[in-house]
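Residue numbers for the sequence shown follow this note's numbering, beginning at 3 and rising by one.
Each residue gets a CB set at the ideal place from its N, CA and C atoms; glycine is no exception.
Since the model is a prediction, treat every value here as computed from it, not as a measurement.
Data first, discussion second: the structure below is written as structure tokens.
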Amino acid sequence: MANMEAWQFNRDILDDLCAAVERERSIATEKASEWQPVRNALLSSGSSGATLLKAEDIDEQLKEGSTTVIRIDGKKFIAEVVGMAFGELDLLIKNCDLISGLKVEYRIPFDDYLTTLYDFLQGKVFEVNSDKFPKSSLALANAVVSPLGNRKAAGSRVSYVMGAPGSGKTEELVQKALALVFSGMRVMVVTYTNAAADIIFGRLASRLADEPSVQLARLGLTEASLEIEKRADSDNVRSTMAIAQAMEGNLMVTTAYRALMCAKNEVGTHSVVLFDEASTLPISLAWAGSLVATERIVLYGDPFQLGPIGQSEPLREHTLRQRFATSPFEIEGVMKAAEADQSQVVLQRQYRLPSALANATCPPLYQTSINSTRNLLNDTQSPWGVGSLLYVDSSKLEATCQKTQRGSRRNEIHADLVVELVRAMLEQEVVAADDIAKSLLIITPYRAQRSLISNRLEETRWIAKMQIRALVTTVHRAQGSEREYVILDVTDAPNFDRDVFLPVGRLWEGEGLQSNGSRLLNTALTRARKQALVVLHRDFIRNSSAVRSGIVKALPSLNDKLDRWGMPATIKFDSPESKEC
Numbered sequence: 003m004a005n006m007e008a009w010q011f012n013r014d015i016l017d018d019l020c021a022a023v024e025r026e027r028s029i030a031t032e033k034a035s036e037w038q039p040v041r042n043a044l045l046s047s048g049s050s051g052a053t054l055l056k057a058e059d060i061d062e063q064l065k066e067g068s069t070t071v072i073r074i075d076g077k078k079f080i081a082e083v084v085g086m087a088f089g090e091l092d093l094l095i096k097n098c099d100l101i102s103g104l105k106v107e108y109r110i111p112f113d114d115y116l117t118t119l120y121d122f123l124q125g126k127v128f129e130v131n132s133d134k135f136p137k138s139s140l141a142l143a144n145a146v147v148s149p150l151g152n153r154k155a156a157g158s159r160v161s162y163v164m165g166a167p168g169s170g171k172t173e174e175l176v177q178k179a180l181a182l183v184f185s186g187m188r189v190m191v192v193t194y195t196n197a198a199a200d201i202i203f204g205r206l207a208s209r210l211a212d213e214p215s216v217q218l219a220r221l222g223l224t225e226a227s228l229e230i231e232k233r234a235d236s237d238n239v240r241s242t243m244a245i246a247q248a249m250e251g252n253l254m255v256t257t258a259y260r261a262l263m264c265a266k267n268e269v270g271t272h273s274v275v276l277f278d279e280a281s282t283l284p285i286s287l288a289w290a291g292s293l294v295a296t297e298r299i300v301l302y303g304d305p306f307q308l309g310p311i312g313q314s315e316p317l318r319e320h321t322l323r324q325r326f327a328t329s330p331f332e333i334e335g336v337m338k339a340a341e342a343d344q345s346q347v348v349l350q351r352q353y354r355l356p357s358a359l360a361n362a363t364c365p366p367l368y369q370t371s372i373n374s375t376r377n378l379l380n381d382t383q384s385p386w387g388v389g390s391l392l393y394v395d396s397s398k399l400e401a402t403c404q405k406t407q408r409g410s411r412r413n414e415i416h417a418d419l420v421v422e423l424v425r426a427m428l429e430q431e432v433v434a435a436d437d438i439a440k441s442l443l444i445i446t447p448y449r450a451q452r453s454l455i456s457n458r459l460e461e462t463r464w465i466a467k468m469q470i471r472a473l474v475t476t477v478h479r480a481q482g483s484e485r486e487y488v489i490l491d492v493t494d495a496p497n498f499d500r501d502v503f504l505p506v507g508r509l510w511e512g513e514g515l516q517s518n519g520s521r522l523l524n525t526a527l528t529r530a531r532k533q534a535l536v537v538l539h540r541d542f543i544r545n546s547s548a549v550r551s552g553i554v555k556a557l558p559s560l561n562d563k564l565d566r567w568g569m570p571a572t573i574k575f576d577s578p579e580s581k582e583c
């Protein structure tokens with residue numbers, strides 16, 4: 003009877019995951035299009051018969067690890083998405099030795115990884131119930147998607163490490179990986195993005211170059227990983243596309259998609275799997291990656307940061323099929339795991355954010371850990387004013403918001419204010435025009451507003467186009483990056499056409515600290531190391547019809563936090579007079 007119950011439990015999980023992936027794949031397939039030009043394409047040599055392509059960002063919701071078809075001067079190649087920085091898209095073109103081309107084109111959808119995942123899950127439906135399948139790997143994988151469902155089998159071998167932005171989660175993971183591998187275990191570190199994998203690979207490489215007992219492999223090639231390998235100049239640090247070569251080492255760093263490919267080859271290959279960015283990881287990929295582990299899984303992340311790309315507001319019913327985009331690191335799952343006597347850690351320090359900004363952005367779960375090591379930055383001074391959390395209220399300027407034909411939004415007054423804020427920084431020489439994107443980040447929830455701000459900055463001719471593309475971005479693209487200064491343009495304001503109903507926007511979505519709106523807001527503000535400045539229409543946010551009694555929305559909550567922790571900005575120019583906003 004027990005075996006029959008376990009079989010049904012495993013089968014239900016896989017059926018649900020298969021249905022979820024199939025649904026996501028059908029949605030992605032609908033976005034298929036004709037050939038489109040790749041703008042500002044730059045080709046360079048990779049390794050293993052591949053070419054790296056860096057190009058201007060494509061205005062689509064992309065996923066790392068997914069593939070597309072690239073056409074270079076009429077010749078077709080398969081390319082994998084390996085990076086998505088601000089204004090840039092990095093592709094790895096397989097079986098290609100071209101380093102130049104006059105005309106580069108692409109096709110969507112980028113959904114091949116969904117097909118691979120679906121086929122893998124389908125193949126496991128019966129395999130996981132056979133005697134040949136490692137039961138320990140299956141127990142750990144099931145615990146990821148149902149913390150209570152397999153408590154006896156998984157026990158304390160599934161644990162969570164939570165921490166607010168700037169609390170040192172990545173460093174904690176690196177230290178854990180080193181301790182485990184030095185104790186004789188084989189360790190795999192899994193992240194959702196290549197950018198995160200490269201950061202961890204770089205930190206590990208800098209500490210292991212002179213440790214012959216550890217063979218460190220980065221499965222997956224990027225421009226950054228190749229540079230890290232070159233800088234390490236060690237036989238025990240390598241970046242490779244070959245799974246077999248990566249498996250030769252005892253410490254591997256890779257993305258969730260490549261972990262899936264490892265599990266597809268063989269499960270139960272590593273003692274421990276450490277998941278970074280667990281909040282961004284689709285639950286189906288987490289399940290597949292967990293099959294690699296035989297002894298332990300540790301999930302690092304922040305449940306209040308953004309979920310997987312394309313995540314919609316979770317439905318009330320909590321089945322896997324309905325919440326494909328829900329990560330394995332939701333608070334509900336964490337708390338259930340804690341009830342099942344599984345270990346749980348909340349990091350107790352704040353290393354990056356100044357205390358006022360940390361207090362304004364950290365949810366109650368972290369309130370006891372806001373012992374910032376950077377309290378002095380509360381007195382940060384810039385041309386915008388003094389303090390780490392500032393705001394510009396556009397209410398008196400009668401700012402209005404307009405909905406575009408594609409459903410996005412734009413706000414002319416806010417765009418003008420952002421340009422003025424940039425002007426002040428340049429005039430006071432706090433930032434330099436030729437590398438402004440290294441110090442400043444301009445974030446908005448809407449692509450139309452991103453384009454409007456970019457165009458306004460181009461018109462000034464203060465900043466080169468390449469810098470502007472790296473300077474102005476959306477919230478999802480900003481995740482994982484840090485700058486000294488951040489401008490968040492909320493954009494939402496009263497309707498441009500008062501006779502046309504304009505539903506409230508993205509930062510209003512859902513209720514509570516894990517709503518999509520709260521996550522977007524939290525992610526945007528915590529990109530700042532010194533100062534975050536919010537441009538918003540406070541009257542609209544305070545009085546919007548979307549505010550209902552008893553419902554916690556992100557923007558009304560922000561209004562309250564600005565009253566407590568924020569200061570109004572004062573833009574200072576070279577002249578004796580100042581302009582107060």
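Grab me the residues of R73's own chain with a C-beta within less than 6 Å of its C-beta, minus the 5 sequence neighbours each way, in chain order.
Stepping through the sequence shown from its first residue, residue 73 is reached at position 71. Answer for R73: E107, listed in chain order.
Only counting runs of 4 or more residues, tell me where the alpha helix (DSSP H) segments fall wholly within the stretch 164-213, in order along the chain.
171-184, 196-210
With 16 other CB atoms within 10 Å as the buried threshold, where does W510 fall?
Along the sequence shown, one-based indexing puts residue 510 at 508. Counting Cβ neighbours within 10 Å, W510 comes out buried, since at least 16 surround it.
So what does DSSP say about K96, is it helix, strand or coil?
One-based indexing of the sequence shown puts residue 96 at position 94. Coil.
Helix, strand or coil for S46? Go by DSSP, reduced to three states.
If you number the sequence shown from 1, residue 46 lands on position 44. Strand.
Would you kindly work out how many angstroms separate the C-alpha atoms of Q324 and C20, rounded to a whole number?
By 1-based counting over the sequence shown, the position of residue 324 is 322. By 1-based counting over the sequence shown, the position of residue 20 is 18. With a pLDDT of 45 at Q324, under the threshold of 50, the modelled position of that residue is not reliable, and no figure is offered here.
Compute the Euclidean distance between the alpha carbons of Q313 and S47, then round it to the nearest angstrom.
Taking the first residue of the sequence shown as 1, we reach residue 313 at position 311. Taking the first residue of the sequence shown as 1, we reach residue 47 at position 45. Interpretation of Q313 is limited by its pLDDT of 43, a score under 50 that renders its predicted location unreliable; the figure taken from the coordinates is listed afterwards. The alpha-carbon atoms of Q313 and S47 are separated by roughly 35 Å.
Measure the Cβ-Cβ separation of A199 and R220 and say whether it is below 8 Å.
Start at 1 with the first residue of the sequence shown, and residue 199 comes out as number 197. Start at 1 with the first residue of the sequence shown, and residue 220 comes out as number 218. It is a contact, given that the beta carbons lie within the stated cut-off.
Taking its Cβ as the centre, do 16 or more other Cβ atoms sit within 10 Å of D565, making it buried, or is it exposed?
If you number the sequence shown from 1, residue 565 lands on position 563. By the neighbour-count rule (16 or more Cβ atoms within 10 Å), D565 is not buried but exposed.
For a quick check, are the C-beta atoms of G291 and A261 less than 8 Å apart?
Mapped onto the sequence shown, residue 291 falls at position 289. Mapped onto the sequence shown, residue 261 falls at position 259. The answer is yes: Cβ separation under 8 Å.
For A265, which residues from the same chain have a beta carbon less than 8 Å from its beta carbon, with the 5 sequence-adjacent residues on both sides left out?
Position 263 of the sequence shown, counting from 1, holds the residue named residue 265. Cβ within range, chain order: F122, A290, G291, L293, V294.
Helix, strand or coil for N497, going by three-state DSSP, please let me know.
Mapped onto the sequence shown, residue 497 falls at position 495. Strand at N497.
Unbroken stretches of the alpha helix (DSSP H), 4 residues or longer, contained in the stretch 466-545
467-473, 477-480, 518-527, 540-545
Through-space distance from V474 to N457, alpha-carbon basis
Working through the sequence shown from its first residue, we reach residue 457 at position 455. Working through the sequence shown from its first residue, we reach residue 474 at position 472. Their Cα atoms are separated by approximately 10 Å.
Would the beta-carbon of N238 fall within 8 Å of that of L218?
Along the sequence shown, one-based indexing puts residue 238 at 236. Along the sequence shown, one-based indexing puts residue 218 at 216. In contact: N238 and L218 (Cβ atoms closer than 8 Å).
C-alpha distance - I230 paired with P39, whole-angstrom precision
Counting from one through the sequence shown, the residue named residue 230 turns up at place 228. Counting from one through the sequence shown, the residue named residue 39 turns up at place 37. Cα-Cα distance, rounded: 31 Å.
At a cut of 8 Å, does the stretch 160-172 reach the stretch 239-247 through at least three beta carbon pairs?
no
Just to confirm, is the Cβ distance from N12 to G51 under 8 Å?
Walking along the sequence shown from the start, residue 12 turns up at place 10. Walking along the sequence shown from the start, residue 51 turns up at place 49. Cβ atoms of N12 and G51: not closer than 8 Å.
Counting along the chain, where does the beta strand (DSSP E) carrying Y448 start and finish?
Taking the sequence shown and counting its residues from 1, the one referred to as residue 448 is at position 446. No beta strand (DSSP E) contains Y448, which DSSP labels as neither H nor E.
Measuring CB atoms only, is the stretch 425-440 touching the stretch 401-413, in the sense that at least three cross pairs come out at less than 8 Å?
no
Quick check on the burial criterion: 16 or more other C-beta atoms within 10 angstroms. Buried or exposed for T584?
Limits of the chain in this structure are 3 at one end and 583 at the other, which puts residue 584 out of reach.
Excluding sequence positions up to five away, which residues of its chain have a Cβ less than 8 Å from the Cβ of S397?
What you label residue 397 is simply residue 395 of the sequence shown in a count that begins at 1. Cβ within range, chain order: H539, R540, D541, F542.
Short check: CB of V492 to CB of R529, under 8 Å?
As a first step, residue 492 is located in the sequence shown; it is residue number 490 there, counting from the start. As a first step, residue 529 is located in the sequence shown; it is residue number 527 there, counting from the start. No, the pair does not count as a contact, with Cβ atoms beyond the cut-off.
Residues sharing a beta bridge with P39, DSSP
Locating residue 39 in the sequence shown gives position 37, where the first residue counts as 1. According to DSSP, which records beta bridges pairwise, P39 is partnered with E107.
If you draw a straight line from the alpha carbon of C364 to that of T476, how long is it in whole angstroms?
In the sequence shown, the residue the question calls residue 364 occupies position 362. In the sequence shown, the residue the question calls residue 476 occupies position 474. Spanning the two alpha carbons is a distance of roughly 21 Å.
For the putative contact between E486 and R521, defined by C-beta atoms under 8 Å, what is the C-beta separation to the nearest angstrom?
As a working mapping, residue 486 is identified with position 484 in the sequence shown. As a working mapping, residue 521 is identified with position 519 in the sequence shown. That pair is no contact at about 23 Å.
If we count the other Cβ atoms within 10 Å of its Cβ and call it buried at 16 or more, is R544 buried or exposed?
Reading the sequence shown from its first residue, position 542 is the one you call residue 544. Answer is exposed; the Cβ neighbour count stays below 16.
Rounded separation between S559 and G251 - CA only
Counted from its first residue, the sequence shown places residue 559 at position 557. Counted from its first residue, the sequence shown places residue 251 at position 249. Their Cα atoms are separated by approximately 48 Å.
Quick one: Cα of S148 to Cα of D18, how far?
Stepping through the sequence shown from its first residue, residue 148 is reached at position 146. Stepping through the sequence shown from its first residue, residue 18 is reached at position 16. Their backbone Cα atoms lie some 12 Å apart in a straight line.
E82: CB within 7 Å of a non-hydrogen atom of the ligand ZN
Questions concerning the ligand ZN fall outside what the structure shown contains, since it holds no ligand whatsoever.
Which one or two residues does DSSP pair with I415 in a beta bridge?
To locate residue 415, count along the sequence shown from 1; it is residue 413. In DSSP, I415 forms no bridge with anything.
Within this structure, are the beta carbons of R298 and V274 separated by less than 8 Å?
Position 296 of the sequence shown, counted from the start, is the residue given in the question as residue 298. Position 272 of the sequence shown, counted from the start, is the residue given in the question as residue 274. Contact flag set, yes.
If I'm right that I15 touches N144 with Cβ under 8 Å, what's the distance once you round it to whole angstroms?
Taking the sequence shown and counting its residues from 1, the one referred to as residue 15 is at position 13. Taking the sequence shown and counting its residues from 1, the one referred to as residue 144 is at position 142. With a Cβ gap of about 6 Å, I15 and N144 count as contacting.
6 Å Cβ shell around V536 - same chain, five flanking residues per side excluded
Numbered from its first residue, the sequence shown carries residue 536 at position 534. Taken in chain order, the residues that qualify are Y393, L490.
Helix, strand or coil for M243? Go by DSSP, reduced to three states.
Along the sequence shown, one-based indexing puts residue 243 at 241. M243: coil per DSSP, three-state reduction.
Could you check what DSSP says for V146 in three-state terms: helix, strand or coil?
Counting from one through the sequence shown, the residue named residue 146 turns up at place 144. It is helical.
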